[in-house]
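>
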Amino acid sequence: MSTNDLTSTSAEGRVRSEPYLPPATQPVRAVVWVIHLALPMLGLWLLLANHDHLNIEWHDNPSHFWLIIAVAGINLVLGAMIGQASARRADARLLLVSLVFLSSAGFFLMHGLATPRIILAKGTYGFDLSQPIGLLIASVFAAVSALPLNERTAQAVLRSQIWLRGGLVALLVVWGVASLVPGLTALSDPAPPRGAGLGGFELVGVALYAAATAMMFQLHRRRPAAMLVSLVTAYALLAEAMIAGMSRHNWHLSWWLWHVLLTVAFVFVAYSAHLQFRREGSSAGLFDSVALSATVRKIRAEYEDALEELVGHIRRRAESRVPVATRLAGKFGLTEGQAAVLDRAGEALANERELSERLAALVDTGNQARVGLPERELLTRALDRVRQAYGDVRITLVSEGRVAMGSGEYGPGDFPGNRPVLLDRTAVHPLTVKGQLAGALEVPVGRTPQDEALAATLASQLSLSLENARLYRELSTLFRQYMSPDVANSLLADPRTAALGGELVELTALFADLKGFTSFSERATPGEIVEMLNRYHTAAVPIILGNGGTIVQFVGDALLALFNAPAPQPGHAAAAARAALAMQEAAEEICAGTPGYPRFRIGINTGLALVGNIGSPELRGFNAMGDCVNVAARLEGVAEPGTVVIGQSTLDLITPRPRVRSLGELALKGKEKPVHAYVLSGLS
1 MSTNDLTSTS
11 AEGRVRSEPY
21 LPPATQPVRA
31 VVWVIHLALP
41 MLGLWLLLAN
51 HDHLNIEWHD
61 NPSHFWLIIA
71 VAGINLVLGA
81 MIGQASARRA
91 DARLLLVSLV
101 FLSSAGFFLM
111 HGLATPRIIL
121 AKGTYGFDLS
131 QPIGLLIASV
141 FAAVSALPLN
151 ERTAQAVLRS
161 QIWLRGGLVA
171 LLVVWGVASL
181 VPGLTALSDP
191 APPRGAGLGG
201 FELVGVALYA
211 AATAMMFQLH
221 RRRPAAMLVS
231 LVTAYALLAE
241 AMIAGMSRHN
251 WHLSWWLWHV
261 LLTVAFVFVA
271 YSAHLQFRRE
281 GSSAGLFDSV
291 ALSATVRKIR
301 AEYEDALEEL
311 VGHIRRRAES
321 RVPVATRLAG
331 KFGLTEGQAA
341 VLDRAGEALA
351 NERELSERLA
361 ALVDTGNQAR
371 VGLPERELLT
381 RALDRVRQAY
391 GDVRITLVSE
401 GRVAMGSGEY
411 GPGDFPGNRP
421 VLLDRTAVHP
431 LTVKGQLAGA
441 LEVPVGRTPQ
451 DEALAATLAS
461 QLSLSLENAR
471 LYRELSTLFR
481 QYMSPDVANS
491 LLADPRTAAL
501 GGELVELTAL
511 FADLKGFTSF
521 SERATPGEIV
531 EMLNRYHTAA
541 VPIILGNGGT
551 IVQFVGDALL
561 ALFNAPAPQP
571 GHAAAAARAA
581 LAMQEAAEEI
591 CAGTPGYPRF
601 RIGINTGLAL
611 VGNIGSPELR
621 GFNAMGDCVN
631 VAARLEGVAE
641 PGTVVIGQST
651 LDLITPRPRV
661 RSLGELALKG
671 KEKPVHAYVL
681 SGLS
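One point on numbering: in my numbering, the residue at position 310 of the sequence shown is 310, and numbering is uninterrupted.
(1) What are the boundary residues of the beta strand (DSSP E) that S662 is part of?
(2) Please name the residue or residues paired with S399 in a DSSP beta bridge.
(3) In the DSSP assignment, what residue or residues form a beta bridge with Q553?
(4) Considering only their Cβ atoms, is the gap separating L95 from Q155 smaller than 7 Å?
(5) From what residue to what residue does the beta strand (DSSP E) around N613 run?
(6) Can you say whether L21 is buried or exposed, counting buried as having 16 or more other CB atoms within 10 angstroms of its CB?
(7) Name the residue from L422, L149 and L67 whose alpha carbon lies nearest to the alpha carbon of L113.
(8) Quick one: what does DSSP say I82 is sitting in, helix, strand or coil?
(9) What number of angstroms, rounded off, separates the C-alpha of T115 from the C-alpha of G123?
(10) Can you grab the Cα-Cα spacing for the pair V679 / R381, in whole Å?
(11) With H, G and I counted as helix, E and B as strand and the rest as coil, what does DSSP make of N367?
(12) In or out: Q436 buried (at least 16 other Cβ within 10 Å) or exposed?
(13) Give me whichever residues DSSP pairs with L441 in a beta bridge.
(14) Does the pairing of the segment 638–657 with the segment 605–619 give three or more beta-carbon distances under 8 Å?
(15) Enumerate in chain order the residues of its own chain whose CB-to-CB distance from L466 is below 8 Å, with the five nearest sequence positions on each side excluded.
(16) Should the segment 451–468 be called in touch with the segment 418–431, which here means at least 3 C-beta pairs below 8 Å?
(17) Rounded to the nearest angstrom, how far is the Cβ of I543 from that of M583, given a contact under 8 Å?
(18) Along the chain, which unbroken stretches of the alpha helix (DSSP H) at least 4 residues long are found entirely within the segment 198–257?
(19) Would you tell me roughly how many angstroms separate the C-alpha atoms of T263 and R353, rounded to the nearest one?
(20) What are the start and end residues of the alpha helix (DSSP H) that includes E409?
(21) Kindly say whether T448, judged by its beta-carbon, lies nearer than 7 Å to any beta-carbon of chain C.
(22) Taking all protein chains shown into account, decide if A24 is buried (16 or more other Cβ within 10 angstroms of its Cβ) or exposed.
(23) Helix, strand or coil for D5 per DSSP?
(24) Using the beta-carbon count (16 or more within 10 Å), is A170 buried or exposed?
(25) Check each candidate in A639, V71, V552 and G516 and name the one with the smallest Cα separation from F266.
(26) Assuming A142 and L228 make a contact with CB atoms under 8 Å, what is their CB distance in whole Å?
(27) Out of V645, E672, T655 and C591, which one is the CA nearest neighbour of R661?
(28) Does DSSP put G593 in a helix, a strand or coil?
(29) Taking the alpha helix (DSSP H) that I544 falls in, what are its first and last residues?
(30) Alpha carbons only, please: which of S399, E442, Y597 and F217 is nearest the one belonging to E522?
(31) Nearest CA to the CA of R358: which residue from G682, L454 and V174?
(32) From the DSSP output, in three-state form, read off Q569 for me.
(33) Could you please give the first and the last residue of the uninterrupted alpha helix (DSSP H) stretch that includes S130?
(34) At what residues does the beta strand (DSSP E) containing G417 begin and finish?
(35) If you count every other CB in all the chains shown that lies within 10 Å of the CB of E672, and 16 or more means buried, which is it?
(36) Specify the secondary structure class of G682 as computed by DSSP and reduced to three states.
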């Protein structure tokens with residue numbers, strides 16, 4: 001079966017997205033086809049319109065007999081071949097098409113045997129009616145064959161094939177006996193001088209052939225194939241043959257015309273089958289393009305399975321050295337030439353698939369170079385992926401300036417110009433970071449022409465991924481030492497988040513400072529001050545980060561932390577309160593061990609604030625500005641050492657209600673209206 005025969009869509013009614021022929025040539029071919037079909041009808045009209053001059057009589061019984069026998073034989077062979085294809089594919093349409101040819105062949109044979117002076121002395125009703133009856137029966141099969149039969153109907157047709165074939169054979173036997181045995185029935189009686197016809201019932205056959213032609217043409221548009229074109233043309237010619245046969249000018253040129261049309265119709269199909277056989281070298285798939293869509297889908301699946309098996313054999317051949325022809329020729333009935341072609345095609349397909357898999361592995365390896373992924377985990381993941389496509393790949397990182405591989409040890413001098421070391425069926429490529437040897441990659445080569453180039457590309461990709469992983473690790477360590485992890489992660493993932501500007505966000509601000517820091521500083525040395533601050537912040541920072549807070553400022557002994565910014569955080573008010581209480585507990589432990597240390601006081605408030613990067617193009621910082629932040633600072637100023645003071649807006653968001661003591665309405669600096677504040681002692 002040709003490739004074009006299987007390019008239809010999966011459903012009978014779906015139209016192809018692209019035309020089979022270029023748009024500029026499709027109309028031209030259609031016009032030529034219509035002209036070829038119109039010429040016989042034009043000739044028939046000329047013969048009948050000029051009966052005495054052009055429609056001359058040519059009475060040659062032997063020529064008629066051998067012509068009919070030859071065409072009947074062609075029909076019989078075609079019907080048998082299509083019937084075999086029907087049985088092989090279990091396809092109802094092929095069964096019906098085979099019956100078109102078999103019924104035409106049978107009645108054409110009856111017409112030939114009834115030729116005067118062969119068996120019977122004179123022309124009979126059987127001689128005149130055999131072919132119209134055969135064409136009428138065939139038209140029914142043709143019309144049904146062109147229908148888009150669903151699975152249920154197709155199975156019903158297949159279950160009835162014995163009755164259909166048996167009924168056709170029985171009808172032909174009865175017709176032959178009735179028309180060839182003199183005096184047995186009226187079919188063996190002499191026909192009238194102008195011949196006998198079906199009384200206009202021929203038009204029913206013409207209509208059925210026209211419908212079959214139209215439906216087959218639509219099928220051809222969805223599934224372009226030479227055999228479908230042949231059937232379309234044959235059905236159209238059979239319809240014209242029925243029209244020509246209605247003239248009933250026996251032995252005149254108009255009478256011979258329908259014989260010629262029948263001959264051309266069947267010879268055209270036979271010639272198309274012959275050309276396809278020569279092109280494909282096998283008769284196995286000659287008529288697959290005519291089959292139902294369900295059969296075509298099954299054939300496509302079989303071909304895909306065969307190709308998969310072929311690719312598998314190609315891959316195994318690399319190990320066993322056994323040619324694919326030896327493995328598959330017997331199973332698929334291939335000739336030596338076909339096996340050789342299939343061997344080359346399969347090898348090309350296997351190479352193409354292997355190339356696609358390796359390119360996909362390269363893409364996946366690049367996608368795994370993510371922020372924060374440790375380099376060993378990165379290389380482990382990459383190794384698992386590339387081994388699926390490249391085979392036994394090995395990666396080793398440098399240790400004490402050398403790389404130990406299974407094939408030996410390598411140093412920077414073993415890779416001059418970063419060129420690989422080529423071994424027997426493997427290549428060792430250097431992995432570099434900032435121009436320095438960081439590791440080595442060992443890849444199998446020699447299976448396909450692209451192996452060495454792909455191995456070099458893989459080494460470059462892994463070097464880049466390794467360099468990125470180390471750079472991200474350095475940046476991450478540096479950033480996290482100077483800013484909150486949420487801000488650092490945001491900058492590492494998308495540097496555009498460092499742009500100046502901000503947005504209005506509801507957040508909870510936590511201000512904390514050390515009451516008594518000034519007096520402590522007066523009596524302590526600078527080293528003692530730094531030690532004290534580091535002890536407090538070492539305790540406070542993990543608590544704030546552990547509760548989802550973001551520290552945006554350290555100002556001397558004070559710090560500002562935000563909750564729900566920059567990362568969204570459900571329950572941010574409760575998280576800030578939980579962090580503040582834990583900070584006071586940690587501070588109490590520090591104070592208990594070191595008398596004279598100042599103590600934390602904390603203020604918390606919730607509201608809208610402008611959050612973003614504030615500063616200049618040269619220097620900027622992440623911060624928050626707004627009334628809620630100012631109120632948090634004021635609440636921290638009124639708090640007693642070792643306590644946490646929260647505003648009304650924060651209290652309203654904490655559920656269940658925490659344990660608090662009201663401070664009443666406080667007049668805070670910068671606020672026109674008083675603020676209701678509470679001392680937080682615990683969470684429920």
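Using N, Cα and C, we set each Cβ at its ideal position, and we do this for glycine too.
From the atom records:
(1) R659 to L666
(2) R402
(3) L560
(4) no
(5) R599 to G615
(6) Note that L21 has pLDDT 43, beneath the 50 cutoff, so the model's placement of it is unreliable and the number below is only indicative. Looking at its Cβ environment, which holds fewer than 16 other Cβ atoms inside 10 Å, L21 is exposed.
(7) L67
(8) helix
(9) 7 Å
(10) 52 Å
(11) helix
(12) exposed
(13) I395 and H429
(14) yes
(15) E375, L378, L379, L431, V433, A438 and G439
(16) yes
(17) 5 Å
(18) 202–222 and 226–245
(19) 49 Å
(20) Per DSSP, E409 belongs to no alpha helix (DSSP H); it is in the beta strand (DSSP E), G408 to Y410.
(21) The chain inventory of the structure shown lacks chain C, comprising one protein chain alone.
(22) With a pLDDT of 39 at A24, under the threshold of 50, the modelled position of that residue is not reliable, and the figure given next carries that caveat. Looking at its Cβ environment, which holds fewer than 16 other Cβ atoms inside 10 Å, A24 is exposed.
(23) With a pLDDT of 39 at D5, under the threshold of 50, the modelled position of this residue cannot be trusted; read the value that follows with caution. Three-state result, D5: helix.
(24) exposed
(25) V71
(26) The pair is not a contact, with the Cβ atoms about 13 Å apart (cut-off 8 Å).
(27) V645
(28) helix
(29) P526 to G546
(30) Y597
(31) L454
(32) coil
(33) Y125 to S145
(34) Segment: none, G417 is in no beta strand (DSSP E) and carries neither H nor E.
(35) exposed
(36) strand
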